[in-house]
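In the numbering used here, the protein residues as written are 421 to 805.
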């Protein structure tokens, strides 16, 4: 039974609750409450009821789930998590757990995983790879689940200190993140000379649209309005369960967008559409279907492999001694050149489908070398002394 008493201090009038809560399942001893500082009697009553319920739930879970392991709780958490994200996302998360988290925790009883043990694992992750914070945060989702459902009373993550010292993981820094205008022109000319016309059309569209790799690989002719010079971006290619390539909605809601195309890119796409139809017909495929992929493996008419574009890029760059960037770098290139051409931040954000304008601004600050070199000269001409 609880008692609620009003009392007064120099700071004002408050309420205190005292009473018996029940038997603690961990210690087996009686647990009482004696807490003050509540502004109203009702808030004191609510606090007592909440503490009683917490103790009751913990007692039930202690008796029922005493030997539950981290692996078992991970599986329960993951079953729920799968329904909150896209297939490609939960596949990556599942792989992260299998490779980095479950080997350390899977067979341990959740109640026996201490803050000290978790701290040692975080320290190991910190020394092993750069994304140790991401791994730690995902590992703790299972602990959060355990606390929420009453399997453990205290979350071991609360006493863990996250390492902050940056280490050298032996990963060389890529100084080249994107192409300047001249470098892009050199690269596209090299692709035209070296690769099939499909790859020339692919890299031209990639550089002149700012699409993500998954978006361009999922693009169908039904998304391309050649007469109106418009492109509808409404899906992306991703890796699903069992490494199967799947088509799914784009990265964010703002990624659904319609963008304009320049006339030269449109002309290249028209030429490719005709050539593709002839090539596919030779393998018995009808390319007139609006769901036909704009870029595909001709012999099977299946989506291109994710690493195929990168392989073509490396081949071209080695042959012509050009700097190599990652495929996502073409999106960065497009963004930088849009700014150089005079578009506003909001215009660029809409065209690229950035949900957060800060992402656009981060690229805006990375001015190309050409713009940087001209800045002092332009300033001197302006002040004219």
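Built from N, CA and C at the ideal position, the CB exists for glycine as well.
DSSP state of residue 483, grouped into three classes?
Only weak support is given to the placement of residue 483: the predicted model assigns it a pLDDT of 42, under 50, and the value that follows is read from those uncertain coordinates. Helix at residue 483.
Who are the near neighbours of residue 719 in its chain, counting only those whose CB is closer than 7 Å to its CB and skipping five residues on each side?
703
Proximity winner among 707, 504, 650 and 520, relative to residue 541 (alpha-carbon distances)
520
Taking one C-beta from the stretch 690-706 and one from the stretch 606-615 each time, how about it: are there three or more such pairs within less than 8 Å?
no
Looking at residue 730 and residue 745, is the spacing between their C-beta atoms short of 7 Å?
no
Quick one: Cα of residue 568 to Cα of residue 657, how far?
35 Å
Counting C-beta neighbours from all protein chains within 10 Å, is the total for residue 734 16 or more, i.e. buried, or is it exposed?
exposed
For the structure I just gave you, are there three or more beta carbon pairs, one from the stretch 670-688 and one from the stretch 704-713, closer than 8 Å?
no
Identity of the residue in 465, 758 and 554 nearest residue 437 by Cα:
465
What's the gap between the Cα of residue 490 and the Cα of residue 467?
31 Å
Mind checking residue 581: buried by the 16 CB within 10 Å criterion, or exposed?
exposed
Between which two residues does the beta strand (DSSP E) holding residue 680 run?
677-680
Residue 641 and residue 555 closer than 7 Å at C-beta:
no
Kindly indicate which residue of 618, 651 and 574 has the alpha-carbon position closest to the one of residue 474.
574
If you count every other CB in all the chains shown that lies within 10 Å of the CB of residue 585, and 16 or more means buried, which is it?
exposed
In three-state DSSP terms, what is residue 452?
strand
Is it true that the stretch 618-635 meets the stretch 646-666, where meeting means three or more beta-carbon pairs spaced less than 8 Å apart?
yes
For residue 610, which three-state DSSP category applies?
helix
Span of the beta strand (DSSP E) holding residue 653?
650-653
So, residue 692 versus residue 627, is the Cβ gap smaller than 7 Å?
no
Spatial neighbours of residue 579 within its chain, please: C-beta separation below 6 Å, excluding the five flanking residues on both sides.
535
Which term fits residue 508, buried or exposed, when burial requires 16 or more other beta carbons within 10 angstroms of its beta carbon?
buried
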